[in-house]
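Quick notes on the structure that follows.
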Amino acid sequence: MSDVIRLSAAELGAAIKAGEVSSEEATTAYLDRIEQVDGDIGAFLHVGRQAALEQARAVDAKRAEGAELGPLAGVPIAHKDVFTTKDMPTTAASKILEGWQPPYDATVTARLREAGMVILGKTNMDEFAMGSSTENSAYQLTRNPWDTDRIPGGSSGGSSAAIAAFEAPLATGTDTGGSIREPAALCGLVGAKPTYGGSSRYGMIAFASSLDTAGPFARNVLDAALLHEAFSGHDPRDSTSVDAPVPPVVEAAKSGDVQGLTVGVVKQLDHKESTQDGVHQRFQETLETLESLGAKIVEVSCPSFEVALSTYYLIAPSEASSNLARFDAMRYGLRVGDDGTRSAEEVMALTRAQGFGPEVKRRIMLGTYALSSGYYDAYYGSAQKARTLIKRDFDAAFEKVDVLVSPTTPTTAFPIGERTEDPMAMYLADLCTIPSNLAGNASLSVPCGLAPEDGLPVGFQIMAPALADDRTYRVAAAIERAVTERDGALIARSPYAV
Ligand code: GLN
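Numbering (the working numbering), first residue to last: 99 to 596.
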């Protein structure tokens with residue numbers, strides 16, 4: 099079992115294509131692994147054993163008939179429970195959607211199904227993707243495989259924990275303010291937030307529509323690129339989807355050539371005071387590594403990034419308050435108090451009071467306030483103006499540099515419960531990731547070492563202009579190669595490595 103699980107997704111896909119391993123064998127190995135360790139980790143909300151085995155056998159049968167398989171055909175995957183799946187429940191980790199079985203697939207899940215990928219199950223997350231630790235799930239805690247007393251990051255923490263515990267080789271996530279890059283960093287994985295509009299939002303339960311982006315999680319850069327390529331590209335069902343070729347991310351991941359590249363270090367994102375020493379240290383070392391590989395390192399100032407966090411916490415809740423209005427007790431899942439004596443409004447109020455958790459309610463209230471007529475200009479209006487300034491700071495920076503970099507998160511994974519009573523402390527986990535969501539550009543986190551003080555993974559963030567996602571993979575591949583040469587494969591040091 100562990101032999102198959104140890105393979106990268108690229109290797110596994112190649113082995114299935116060559117007939118050295120069957121998809122059924124690989125799928126069974128992962129399903130058994132989930133049975134063995136998910137009691138400790140809590141990554142999955144739903145596992146679809148029978149359906150997964152049927153999909154795997156179908157790929158094996160296709161191969162036996164002589165069909166040419168794609169690079170990820172037969173490879174298992176876990177989906178964040180925010181993507182609709184026509185054969186599995188989808189809850190966004192909310193009680194309001196408990197037991198909801200969508201009648202259709204999200205474009206991301208549909209495309210990966212067409213690519214022959216086998217769906218293992220659906221992963222835990224912060225309710226409606228609001229959070230940075232997965233502690234806001236209405237169902238269960240998810241633990242970080244590097245230290246099970248710590249959080250796996252969020253909101254896509256089930257996806258990151260599943261891969262770090264070798265319960266899946268690949269997973270999907272969504273990133274509205276950092277929800278792929280932050281958990282990837284805290285679990286020692288590669289996680290990418292594609293250019294906004296580069297991956298489809300169709301069938302992804304909406305949190306903040308102008309920011310929500312689907313992206314890949316993997317244990318290495320090439321695997322992430324293969325997944326990125328497999329679900330990306332124009333989708334007429336998403337009005338904000340970009341009609342442009344998918345950036346050559348796989349080619350970039352294979353190259354890793356950074357010779358002559360100009361790398362800008364964002365002054366506002368590496369505060370010595372708020373960044374953990376070990377994170378700062380690994381970040382600085384990685385800059386030296388890039389320099390030794392032929393990149394030019396310069397400092398860049400993006401003054402408006404200072405207000406990115408507050409801008410995000412007006413825009414995201416405003417959009418959420420509008421998006422979540424659809425959970426009206428009539429159309430989906432939960433319905434409370436509908437005994438024939440109450441009005442529709444009363445049933446709606448009871449259902450929303452019981453169905454939404456405290457963080458979701460906080461966001462709805464914040465957003466409703468920011469959009470209310472007397473305060474619209476002061477809050478939502480000013481936030482939109484600040485968003486434009488942030489975009490302009492990026493544009494000006496990208497005239498001088500090819501990529502911008504920062505630590506992905508100010509600290510390594512924090513203990514379970516440490517920040518649940520303090521929303522501001524929780525929000526700060528996304529200090530460095532939020533600017534890219536507001537500007538809509540491409541961004542990725544790659545592991546750059548372990549922090550000396552706690553032995554936990556540190557993420558290095560690479561940001562590139564919109565539709566230049568390949569640059570983030572090129573730089574990440576260079577870093578991955580150098581770190582592996584120096585320390586060996588980092589993920590192999592996770593206590594749950596096979
Ligand atoms: N942690 C941020 C929030 O709570 C970002 C979440 C996300 O990217 N989905 O809003």
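Backbone N, C-alpha and C fix where the C-beta goes; we use that ideal spot for every residue, glycine too. Just so we're clear, the structure is a prediction, and the values are computed from it rather than from any experiment.
- Per DSSP, which residues does residue 559 bridge with? Please list them. For the purposes of this step, residue 559 is taken as the residue at position 461 of the sequence shown. DSSP output for residue 559 lists 504, 543 as bridge partner(s).
- Pick out whichever of 460, 557, 526, 187 has its Cα sitting closest to the Cα of residue 606. Missing from the structure shown is residue 606; the chain here goes from 99 to 596 and no further.
- Query: Quick one: is the Cβ of residue 455 within less than 6 Å of any heavy atom of the ligand GLN?
  - Reply: Translated into the one-based positions of the sequence shown, residue 455 becomes position 357. No, since every heavy atom of the ligand GLN falls outside the 6 Å radius drawn around the Cβ of residue 455.
- Query: What is the rounded straight-line gap between the Cα of residue 331 and the Cα of residue 441?
  - Reply: Along the sequence shown, one-based indexing puts residue 331 at 233. Along the sequence shown, one-based indexing puts residue 441 at 343. So the alpha carbons of these two residues sit roughly 45 Å apart.
- Query: Can residue 223 be considered in contact with the ligand GLN, in the sense that its beta carbon sits closer than 6 Å to one or more heavy atoms?
  - Reply: For the purposes of this step, residue 223 is taken as the residue at position 125 of the sequence shown. Not so, every heavy atom of the ligand GLN lies at least 6 Å from the Cβ.
- Query: How about residue 393 and residue 359: are their beta carbons less than 7 Å apart?
  - Reply: Locating residue 393 in the sequence shown gives position 295, counting from the first residue. Locating residue 359 in the sequence shown gives position 261, counting from the first residue. In this structure, residue 359 lies closer than 7 Å to residue 393 by Cβ.
- Using only the heavy atoms of the ligand GLN, determine whether one of them is closer than 6 Å to the beta carbon of residue 274. Position 176 of the sequence shown, counting from 1, holds the residue named residue 274. Residue 274 Cβ: within cutoff of the ligand GLN.
- Item | Whole-angstrom C-beta distance between residue 135 and residue 467, which should lie under 8 Å | By 1-based counting over the sequence shown, the position of residue 467 is 369. By 1-based counting over the sequence shown, the position of residue 135 is 37. 43 Å between Cβ atoms; not a contact.
- Alpha-carbon to alpha-carbon, residue 250 and residue 310: The residue labelled residue 310 in the question sits at position 212 within the sequence shown. The residue labelled residue 250 in the question sits at position 152 within the sequence shown. Their backbone Cα atoms lie some 20 Å apart in a straight line.
- If you draw a straight line from the C-alpha of residue 168 to the C-alpha of residue 150, how long is it? Here residue 168 refers to the residue found at position 70 when the sequence shown is read from its first residue. Here residue 150 refers to the residue found at position 52 when the sequence shown is read from its first residue. Cα to Cα, residue 168 sits roughly 18 Å from residue 150.
- Which residues DSSP lists as bridging residue 181, in chain order: Within the sequence shown, the letter at position 83 stands for residue 181. 302.
- Query: With distances taken between CB atoms, is the gap from residue 418 to residue 465 smaller than 7 Å?
  - Reply: By 1-based counting over the sequence shown, the position of residue 418 is 320. By 1-based counting over the sequence shown, the position of residue 465 is 367. The answer is yes: Cβ separation under 7 Å.
- Query: Relative to the ligand GLN, is the shortest distance from any of its heavy atoms to the C-beta of residue 228 smaller than 6 Å?
  - Reply: For this step, residue 228 is matched to residue 130 along the sequence shown. Result yes, Cβ under 6 Å from the ligand GLN.
- Task: Taking only heavy atoms of the ligand GLN into account, decide whether any of them is closer than 6 Å to the Cβ of residue 528.
- Result: As a first step, residue 528 must be located in the sequence shown, where it is residue number 430. Yes, the Cβ of residue 528 comes within 6 Å of a heavy atom of the ligand GLN.
- What beta strand (DSSP E) runs, 3 residues minimum, are completely inside the stretch 330 to 398? 360 to 364, 394 to 398
- For residue 235, is the beta carbon positioned less than 6 Å from some heavy atom of the ligand GLN? Here residue 235 refers to the residue found at position 137 when the sequence shown is read from its first residue. Every heavy atom of the ligand GLN is 6 Å or more from the Cβ of residue 235, so no.
- Task: Quick one: using the 10 Å Cβ neighbour count with 16 as the cut-off for buried, is residue 145 buried or exposed?
- Result: Taking the first residue of the sequence shown as 1, we reach residue 145 at position 47. That one is buried.
- So is residue 357 buried or exposed if we call it buried at 16+ other beta carbons inside 10 Å? As a position in the sequence shown, residue 357 is number 259, starting the count at 1. When all chains shown are included, residue 357 counts as exposed.
- Item | Continuous beta strand (DSSP E) assignments of at least 3 residues falling wholly in the stretch 165 to 226 | 174 to 178, 216 to 221
- Helix, strand or coil: how does DSSP classify residue 235 here? On the sequence shown, residue 235 is found 137 positions in, with the first residue counted as 1. Reduced to three states, the DSSP call for residue 235 is coil.
- Item | Neighbourhood of residue 485 by C-beta distance below 7 Å, restricted to the same chain and skipping five residues each side | As a working note, residue 485 is residue 387 in the sequence shown. Excluding positions up to five away in sequence, the list reads 409, 413, 536.
- Message: the ligand GLN and residue 277: does any heavy atom of the ligand fall closer than 6 Å to the residue's C-beta?
- Response: Residue 277 sits at position 179 when you count from the first residue of the sequence shown. Yes, since a heavy atom of the ligand GLN falls inside the 6 Å radius drawn around the Cβ of residue 277.
- Item | Those residues which DSSP pairs with residue 496 across a bridge | What you label residue 496 is simply residue 398 of the sequence shown in a count that begins at 1. Its beta-bridge partners do not exist; DSSP assigns none.
- Message: If contacts are defined as beta-carbon pairs under 8 Å, then residue 573 and residue 547 qualify, I think. What distance do you get, rounded to the angstrom?
- Response: Along the sequence shown, one-based indexing puts residue 573 at 475. Along the sequence shown, one-based indexing puts residue 547 at 449. 16 Å between Cβ atoms; not a contact.
- the stretch 370 to 384 / the stretch 431 to 448 touching (three or more Cβ pairs under 8 Å): no
- Task: Determine contact between the stretch 223 to 235 and the stretch 201 to 215, defined as no fewer than three beta-carbon pairs at a distance below 8 Å.
- Result: no
- For residue 128, which residues of its own chain have a beta-carbon under 7 Å away from its beta-carbon, when the five flanking residues on both sides are left out? Along the sequence shown, one-based indexing puts residue 128 at 30. So the qualifying residues of the chain are 103, 174, 218, 265, 266.
- Assign residue 387 to buried or exposed, taking buried as 16 or more other Cβ atoms, counted over all protein chains shown, within 10 Å of its Cβ. As a first step, residue 387 must be located in the sequence shown, where it is residue number 289. Classification of residue 387: buried, given that the 10 Å Cβ count is 16 or more.
- Task: Note down the Cα distance separating residue 270 from residue 553, rounded to an integer number of angstroms.
- Result: Locating residue 270 in the sequence shown gives position 172, where the first residue counts as 1. Locating residue 553 in the sequence shown gives position 455, where the first residue counts as 1. Cα-Cα distance, rounded: 26 Å.
- Task: Would you check if there are 3 or more beta carbon pairs closer than 8 Å linking the stretch 473 to 484 to the stretch 394 to 409?
- Result: yes
- Measuring from the CB of residue 408, is there a heavy atom of the ligand GLN at a distance below 6 Å? Within the sequence shown, the letter at position 310 stands for residue 408. Residue 408: no, Cβ never under 6 Å from the ligand GLN.
- Is the stretch 294 to 313 touching the stretch 333 to 343 in the sense that three or more CB pairs, one from each, lie closer than 8 Å? yes
- Item | Three-state secondary structure (DSSP) of residue 248 | Position 150 of the sequence shown, counted from the start, is the residue given in the question as residue 248. It is a strand residue.
- Query: Are the beta-carbon atoms belonging to residue 564 and residue 274 less than 7 Å from one another?
  - Reply: Against the sequence shown, residue 564 aligns to sequence position 466. Against the sequence shown, residue 274 aligns to sequence position 176. No, the Cβ-Cβ distance between residue 564 and residue 274 is not below 7 Å.
- Query: Once you ignore the five residues that flank residue 184 on each side, which residues in its own chain have a CB closer than 7 Å to its CB?
  - Reply: To locate residue 184, count along the sequence shown from 1; it is residue 86. Only 200, 201, 202, 203 meet the Cβ criterion.
- Task: Given a cut-off of 7 Å, decide if residue 362 and residue 549 are closer than it, judged by their beta-carbon atoms.
- Result: Against the sequence shown, residue 549 aligns to sequence position 451. Against the sequence shown, residue 362 aligns to sequence position 264. No.
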